[in-house]
Amino acid sequence: MGLAFDLLLAGGLLGLALQVVASRGLFRSVVLFIALGLLMALAWARLAAPDLALAEAAIGAGLTGALLLSAYRALQPAEEAADPGPAALPRWGALAAAVLSGALVAALGWAALGLEAPAASAGREALARLGESGVKSPLTGVLLGFRAIDTLAEVVVLLVAFLGARVVAEPLQRAGPGPSAPGSGEPVLTAPLLRLVVPMGVIVAGYLLWSGGHQPGGAFQAGAVLAALGVLLRLTGRLQPAAATSPAERLALVGGIVLFSAIGLAGAGTASAVLAYPEAWAYPLILAIETGLAVAIALPLTLLFSGSAGLRWRER
Amino acid sequence: MAELGALSLPLAFFLPLLTALAAFLLGARQAPWLAGIGALATVAAVADAVRRVAAHGPQAYHLGGWAPPLGVELYADGLAALMLAMTAAVALAVTAYAGAYLHGQGQAAERFWPLWLVQWAALNGTFLSADLFNLYVMLELVTLTAVPLVAMAGDRASLGAAMRYLLLALIASLAYLLGVALLYGGTGTLHLREVGELAGAGGPTAVAAALVTAGLLLKAAIFPLHAWLAPAHSSAPAPASAALSALVAQAGVYLVLRLWLWAFPALLSPVVGWGLGGLGAASVLYGSLQALRQSRLKPVIAYSTVAQLGYPLLLLPLAAVPAAASQAWQGAAYFIVAHGLAKAGAFLAAGNVYYSLGHDRLAGLRGLAPELSASVLALGLAWVSLMGLPPTAGFLAKWQLLSGALAGGQWPWAVVVVLGGLLAAGYGFRVLATAHAAAPPGGPVGRPARRLPWRMAATPLLLALAVYLLGVSAVPALRLLGQGAPEALG
Amino acid sequence: MTQAGLYTLAASALAGIGVYGLLARRHLLRRILAVNLLGNAVFLLLVAFARRQPGYVDPVPHAMVLTGIVVAVSATAFALALARRYYAETGLDHLPEDEG
Amino acid sequence: MMAAAYGLLPLAALLIAVATAAIVFALGDARRRQRTFWNLFGAGAKLVLVLVMAYGVLQGDTFEVAWPVLPGITLRLAADRLALLFAVLSAGLWLVTTVYAIAYLEGSGQRARFFGFFSLCVAATFGIALAGNPFTFLCFYELLTLATYPLVVHRGHPAALAAGRTYLIHTLGGGAALLAGTAALYAAVGEHPYTPGGMPAVAEWAAQAPAAATAVLGLLLGGVAVKAALFPLQGWLPAAMVAPAPVSALLHAVAVVKAGAFGVVRIVEDVYGHALAAELHVTPVLSALAAVTVVYGSVRALAQVDLKRRLAFSTVSQVSFITLGVAVGGQLALVGGLAHLIHQGLMKVTLFFCAGNYAETLGEHRIDALDGAGRRMPATSAAFTVAALGMMGAPPLAGFISKWYLGIGALGQGQGWVVGVLVASTLLNAAYFLPILRRLWLLSATRDWPARAGRAETHRGLLYPPLLTAAAVLLAGLLAAAPLSPLGWAVRIVEQGYPGL
Amino acid sequence: MSVPAPLLLLPVLAPLAAAALLAGRARPLGAALLVAAPLTGVLALGAEALGLPWLLLGTRLELDALGRALLAPTVPVATAALLAAVAGGGRADPRRAGLLAALAAVMAAFMGVLLAADLASLYLAYSAMTLAAYPLVVHARTPEAFRAGRVYLTMALLAEAAVLAAVLLIAAEAGNVALAEAPAAVAGHEQRRLLVGLILLGFAVKAGVVPLHAWLALAHPVAPVPGSALLSALLVKAALVAWWRLLPLGEAALPTLGAALAAAGLLSSLYASLVGVTQRRPKTVLAYSTVSQMGLMAALTGLALLRPAAAPAAGAALAVFAVHHGLAKGALFLGCGLHGRRRGWYLLLPALALAGAPVTSGALAKVGLKQVGADVAGAALGPLLLAVSALTTLLLARFLALAWRGEGGRDPLPQRLAVLALVALGLVLPWGVGWRLMPSGVAYALQPSALLDALLPVLAGAAAAAGALALQGRVAMPRVPEGDWIKPALLAGMRLRRAARRAGRRLRRSPALSAPR
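Okay, structure coming up:
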């Protein structure tokens, strides 16, 4: 029964993926990709990875989807047929691509299936020594304990993506989903709904953050929720794009990383090594770091969606 | 447990990173001096690391105190130390140069500094990390800092180059990650040397190695995956071009060597070696021929990068030949160092040309030499190393490669090395001759519109001179390289 | 066939589809989509690996995937920004064929 | 302390030239007086150091500086007699040429660049002279190529650039061959210092792998043959004539072609040893090529109407005598070859100085425009005459001495045909030099020459160098039997270094 | 009489110093020194050998017997020629300084040839002389002069090539051998025949052995008078000096080469006299006379080569012959430089001497030749020599007829004195030398039978001359160009070159080869 469901799920994944690639309409592809993300989250949930499912749903499907849609709109020619569009791949080219992809599938499948799961692995050791990390959730232990450097670097990646996007930034009028002028055209329910959703979201984020220590959740998921809130506010015009990054935003952008680095470097003195935590303080420190990280994840994502250097509350 | 003594290893990553954050926080106005201080601090950390490696052998640092496979290890052997040192030298030059180059360009400066400093941190991380997945993150960091630098000019050409670069780099990263996933699935570890011990030479490992290598070769712009490099590297602003060619692309080559010699030595059969070496050779020849055909200065230099990146791969077919291995190994490693310094010098000198004239068309460079003599001199000096002529580090590296190839009886590589040098001379002198040419009647086309700040004039010259300093004797560097080298290559 | 094996195969196929998309489609957005497909394939593979042995979930691949997701979204966001700017400057939604 | 410094003289001499280059580069174009001072100071100081070394070597001192460059490979500067023969030539002519060049380039642009590379060029030549092993030789040999290129293209016009390209294609190609050869040699036998009579390790290797040894010897000789302008690799030399006269003088007399010829000496005598080279059947080929070059260069020179081009082809011809002397074998021929190294340098530098003087003072490059120039510029023409007659091998000038030893050396080796080459060369040299002399002295001018600016026939800086070198040509021949003459030095080298020949 | 050895350098250096002074500003002093320079040669007579091991390849200077004898004509002829040149007209001649310098150089070089006692020095002096003579030949700067110069230089240099080869061959065996030992070295050389052949060939040009004489006939007429005098009286003798110092005379018998040389010499003599008669310019006639006389001297050398035992006698005879010829020819050429209407009287005595009239030095010289000839070749040579003598007389008659009347004008006293002095010395010196070297010959020459012998051919020649005079105007003299074969040869060469060029052009135009470039 379970396997049948999995089979269905996998088939759905592949079918969607094929549609994403093969579909004629670009919009359709984008939407299907978002759907694919959701299915993927489902699959991961099936594979005992609820944290990942959560993150994939929020980030992989949600935020990425929002970004894609916004970009899709921006890439539409102002007038139809102004752009001939990319020439179709010649038949032999498509054939070669198919052969190559097929070969990859074959090799990969053969190799991946042929791999014996090793008796000893980093994962087993991580589970065995989870206690030393100061948290109870294995994932958080790995992310913020054993392999903290990856997490740190990954947040830097996000910051860098923001910085890079600033380099290629478009004028504010064209940036992100475009300037939204709320008020007249806004559905009636929007404002009250938002008034409900935003505090809820913040609370959920806080909960996720806190829960990350022992069950599914954590800085990423919390950051994703916050970012989703930001997207929402930006779309509804509560948040307006700004041409400059305010000092507060700057601080928020780097604060998490600086905090993480500072605690990490302090570990060389207070604990055994860089990125080690003194045993007694491990949990609070990790929580502090996670808080910083959540902000450091949410803000760049929001800004990236907004396509602007900063955000300002709409003047009332 | 971690040794506190080797704190300089994590610091080599953290110091530029924190400087970048500070530079971003405080804005463009404070960035140059901040960057200067951060650069000096980083150089100090690197110097300490290098000193330790030289004195005490390879240094390992277990981040968080977690030993592999659980934690991530920073590992500095001779090769890594050499790369760190080279990176420090180039980065110092780029930092000094960029301060003057970007002076007065508020927005560009504001964006450049954090990106560049993070890139430096990520590069140091790439050279130091002994963890395959951590390497992936570092590589992504490098890529995502590199592409905006390429796009900085914001014109059609640079945006297209950046776009192509980004897409290919992302694919490369994912190919690498796919390989890493397979390796973890097979060995249960991500640690480089443990993977080397556990992976064996089976088919799945071969697929993983192929994926990893394909990704890295794409990042290193090895033929036939080279097409993105030249437009990208020639579109970036000069200091970024220098960093991209001297450091970023070379990091890919470095990782190819690192992985094949440490993680997949069992797979390095003659056929595989000859295949990879053949790709390197093709890169050398193809890049050189392309460089000969360019009509602008920076693309010439960029294609020269394609050519030069191919040389270190010649080590792979030689590594298994006992008579050749040691020399080829030294040659390849020294080659990366020499190329890095020389290429950075060349790009910065080209940047001076661009800065002064507002263009870098070769046809417009006639009669240029008197106006920019220091820069042209630097360009010439750097090129001597790229050609592999004495008394430069490039020559010594080429000599070692050549000797290795000959001692191992694999003369085709020797032919490639010699031929590559000749071609390099061909495209190099094409440029230098133009610069030496008498001005056309009516003065040089486009007289220098801008005076060159002395820092910009001096930096490429100093980089070029460093190549000569390393050309006086390679012994100290090679002794350093010997620390922790695989036994077959020692 | 185990559950993990099934998803392993699915991941392989997904990777193939992603690569095909990269090779066969030239619209920038489609290529970015394809890159994401490829990324998803890798993640799926890792998640499947984590679940290979009964009664045991390997947290390390999970951590890798989580990190990977953030990296992927960062890269995608930047790529989209770049593509938009490229389109704004050139009016092209694909890269010209002539390379080098 | 003093003793240590004394031993470091080779390095000091090398660094003086490099430092001169650096200072001159740094001074820039504008500061003429300072540049002149440093140029002359550098050249003078180096000559003094070289002479001190020469004296020391005569006293039996050894000078050696070596440092490891790569594992198992050292950069080694060693002052043996042979090295100093070449070093004295280069240092001496550097000084003279510097004086000349300062006067010659007065008022032209890019002098900082010119003199900087000029100094580098001499540094490289000095390094070639004192190189103590093939690797060191290779390093400086390539450096020489690089340092001379900017000089060749100095004028910067398209012809100069084209010549520069020709020059590079030849010399870099040669350099590549030398690189490959040297690397292969090292790969086979490792590093050994130059050993008069040949390195024993090479002999052993050649016994085991004669084919490889022959191929490597071919590569090595092919590499140096380019600079030595050996047929058919001589094409660059006439092309390089577009360079200013002091450069031509430097290329032809002091640096480049001599570096090649000197390389032939080192490779044949000190790496393989003549006996081994002969055993591998390389020396006969080499001597045949040299002979062909001698004749070919002379025949081509006959047809040239541009004075410098004629001189260039003459160089092609004359330099091969050095190669010939080495290839023929035997002590006497080697003496002749080595002496010719100096003699040809003195003669050719004089000729180029004079050609430069005609070009600079009279504005004439063509031979047929020089009718009656002897009356307007008697001193220059006298110097030219001495050098030209020397080239012909007319006694008592330097060239005669070389030919004498080459001839009797070849006969002593049972290679009488060399005498035929010598005789043919004499005749051909006469055929292309005597008409020039006739025009200079015996024909009357077809146009009015530019008036003298002062009392001297031309700038004194242009006048004295050729007179000095012409006097040297005369003295080198006239006093050949004196102990410290070039011949005497060559005899010393051969008697003490190559007793086995 | 003992003179310090270093003074041996004086005859060489003094003319050079004089030339240097002439080039500078001390012209009068230079001129004086120049005229006096040849006189320093006398010093050499009393000097010991001088060794200068540091010079060239180890130089030795010494006067051997032949050199000693040759000083007899050298000193007076050179002094007279230089005096004539210095005192002679054309002070306004812009090329006078050049002429004097060239004369000085030739002078110095010839002295060098006489004094050289080692191989390298001999070669040095000889080749220097060759080159230094060129400016003399082309002094007039006319196309004719340049043609003569070209022919001269070409032939001389080709010969020099043989000389160089020979010198190197000797040196390879014996190093820079002292000339006293050179004949032995050559005799013992493993390639003796080749070597001797090269030596003969190499110096034969200068010696004017037919057919290598062409340059003489071209060069003498165009050269200025003092130059011709030096060329004809002295320069050509350098070849003899070289032969006698290098050939293995008295050391080894080389019958074939010896006979060939002797035959060539005699034929030269006959041929040159015959051709000379047809010439129209007095100096050309004299040039052919020189060829003729040099042929006899070459024949003497050949005889010595033929039979070693005859070498000493042949050497003595040669020395006497050379002294005689030098003085007489010097006087005749310098006489040609006079302009006076009665210059024939100045020329008569030397002409008679050359013709071998009894009691003249010519008679003595011929006695020596005859004696050696009879000794080596028996009586067969007698009639031949008779014919030679007769033809010589005819030739000189032709010369006198052409040169008797000068074109008029006053000659400076020094010039006239110079000629007269040579005439006078020509009467005395050969006898003096003969007395020392071949006393028996002197005695024989003065016997009546010998006088008669000498008279006979002279009379025959005179008769022929008278006949020719009688026929003058009625029978056309065959016209032989100066240098006989050289002009047709040059013309043929030119035609050949033109034809070749034309053929080449046609070839290039032919469609098969005209591929687009």
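Protein sequences, first through last, are from chains C, F, R, D and P.
Per the working numbering: the first sequence = residues 1 to 316.
Per the working numbering: the second sequence = residues 317 to 806.
Per the working numbering: the third sequence = residues 807 to 906.
Per the working numbering: the fourth sequence = residues 907 to 1407.
Per the working numbering: the fifth sequence = residues 1408 to 1924.
Using N, Cα and C, we set each Cβ at its ideal position, and we do this for glycine too.
Handout entry: Rounded straight-line distance, which links the Cα of ALA1872 (chain P) to that of LEU1936 (chain P)
Key = Outside the displayed range of chain P (1408 to 1924) lies residue 1936 (chain P), so it cannot be described from this structure.
Exercise for the section: Determine the DSSP secondary structure at GLY549 (chain F), reduced to helix, strand or coil. Expected result: The residue asked about is misnamed: residue 549 (chain F) is His in this sequence, not Gly. DSSP places HIS549 (chain F) within a helical segment (H, G or I) once states are collapsed to three.
Problem - Reference LEU1343 (chain D), options D:LEU1303, D:THR1291, D:GLY1367 and D:PRO1371, closest by Cα - result: The alpha carbon of LEU1343 (chain D) has as its nearest neighbour, out of D:LEU1303, D:THR1291, D:GLY1367 and D:PRO1371, the alpha carbon of D:THR1291.
Problem - Given ALA1591 (chain P) as reference, the closest of P:ALA1659, P:LEU1605, P:ALA1535 and P:ALA1578 once Cα atoms are compared - result: Closest in alpha carbon position to ALA1591 (chain P), among P:ALA1659, P:LEU1605, P:ALA1535 and P:ALA1578, is P:ALA1659.
Practice task
Quick one: using the 10 Å Cβ neighbour count with 16 as the cut-off for buried, is GLU389 (chain F) buried or exposed?
Solution key: With 16 or more other Cβ atoms within 10 Å, it is buried.
Handout entry: Closest by C-alpha distance to VAL863 (chain R), when choosing among C:VAL157, C:PRO138 and C:SER101
Key = Comparing Cα positions, the closest option is C:PRO138.
Handout entry: Contact under 7 Å by Cβ, VAL20 (chain C) with LEU839 (chain R)
Key = Closer than 7 Å, so yes.
Exercise for the section: Mind checking who ILE979 (chain D) pairs with in its DSSP beta bridge? Expected result: ILE979 (chain D) is bridged by DSSP to D:LEU976.
Practice task
Have a look at ALA273 (chain C) and VAL225 (chain C) and give me their C-alpha separation to the nearest angstrom.
Solution key: Cα-Cα distance, rounded: 33 Å.
Problem - Backbone CA spacing between ASN450 (chain F) and GLY1079 (chain D) [nearest angstrom] - result: C-alpha separation (whole angstroms): 46 Å.
Handout entry: Short-range partners of chain R found in the segment 231–250 of chain C, where Cβ spacing is below 7 Å
Key = From the segment 231–250 of chain C, no residue has a Cβ closer than 7 Å to chain R.
Practice task
Determine the contact status of GLY1243 (chain D) and ILE1228 (chain D), defining contact as a CB-CB distance below 7 Å.
Solution key: A contact, by the Cβ cut-off of 7 Å.
Exercise for the section: Would you kindly work out how many angstroms separate the C-alpha atoms of ALA467 (chain F) and GLY897 (chain R), rounded to a whole number? Expected result: In this structure, the alpha-carbon of ALA467 (chain F) lies about 17 Å from that of GLY897 (chain R).
Handout entry: Every unbroken alpha helix (DSSP H) within the segment 59–116 of chain C, with a cutoff of 4 residues, ordered by chain
Key = As summarised for the segment 59–116 of chain C, the continuous alpha helix (DSSP H) elements at least 4 residues long and confined to that stretch are 64–74 and 91–114, given in chain order.
Exercise for the section: Starting from the C-beta of THR1054 (chain D), find all residues in its chain whose C-beta is less than 7 Å away, skip the five residues before and the five after it, and write them out in chain order. Expected result: Same-chain partners within the cutoff: CYS1027, LEU1157, ALA1161 and VAL1162.
Handout entry: For ARG1071 (chain D) and LEU104 (chain C), the rounded distance between their alpha carbons
Key = Going by the C-alpha atoms only, they are around 49 Å apart.
Practice task
At 8 Å on the CB atoms, spell out the chain D contacts of PHE449 (chain F), in chain order.
Solution key: Residues of chain D whose Cβ lies closer than 8 Å to the Cβ of PHE449 (chain F) do not exist; the shortest such Cβ separation is about 36 Å.
Practice task
Please decide whether LEU1385 (chain D) counts as near chain P, where near means a Cβ-Cβ distance under 7 Å.
Solution key: Yes, LEU1385 (chain D) counts as interfacial toward chain P.
Practice task
Classify TYR1264 (chain D) as helix, strand or coil using the three-state DSSP reduction.
Solution key: For TYR1264 (chain D), the three-state secondary structure derived from DSSP is helix.
Problem - GLU1185 (chain D): first and last residue of the uninterrupted alpha helix (DSSP H) it sits in - result: Start and end: 1180–1185.
Exercise for the section: Report yes or no: is there a C-beta of chain C within less than 7 Å of the C-beta of PRO865 (chain R)? Expected result: Output row for PRO865 (chain R): interface = yes.
Exercise for the section: Name the one or two DSSP bridge partners that VAL1410 (chain P) has. Expected result: P:ALA1454, per the DSSP bridge assignment.
Handout entry: Residue ranges of each alpha helix (DSSP H) within the segment 671–700 of chain F, 4 or longer
Key = Here no run is fully enclosed.
Problem - Contact set between the segment 139–161 of chain C and chain F, restricted to residues whose Cβ is under 7 Å from the partner - result: From the segment 139–161 of chain C, only GLY145, PHE146, ARG147, ALA148, ILE149, ASP150, ALA153, GLU154, VAL156, VAL157, VAL160 and ALA161 have a Cβ closer than 7 Å to chain F.
Practice task
With 8 Å as the limit, tell me which residues of the segment 39–69 of chain C have their beta carbon closer than that to any beta carbon of chain R; keep them in chain order.
Solution key: Going along the segment 39–69 of chain C in chain order, one finds MET40, ALA43, TRP44, ARG46, LEU47, ALA48, ALA49, ASP51, LEU52, ALA55, GLU56, ILE59, GLY60, LEU63, THR64, LEU67 and LEU68 with a Cβ nearer than 8 Å to chain R.
Practice task
Put ARG1353 (chain D) into one of helix, strand or coil per three-state DSSP.
Solution key: Correct three-state label for ARG1353 (chain D): coil.
Practice task
Taking the CB atoms as reference points, tell me whether PRO555 (chain F) and TYR413 (chain F) lie closer together than 7 Å.
Solution key: In this structure, the beta-carbon distance from PRO555 (chain F) to TYR413 (chain F) falls below 7 Å.
Handout entry: ALA1245 (chain D) vs ALA1396 (chain D) beta-carbon contact at 7 Å
Key = Their beta carbons are under 7 Å apart, which means ALA1245 (chain D) touches ALA1396 (chain D) by this criterion.
Handout entry: Contact list for the segment 868–888 of chain R against chain F, Cβ threshold 8 Å
Key = Near chain F, meaning a CB-to-CB distance below 8 Å, the residues of the segment 868–888 of chain R are MET870, THR873, GLY874, VAL877, SER880, ALA881, PHE884, ALA885 and LEU888.
Problem - 7 Å Cβ shell around ARG766 (chain F) - same chain, five flanking residues per side excluded - result: TYR671 and SER672, listed in sequence order.
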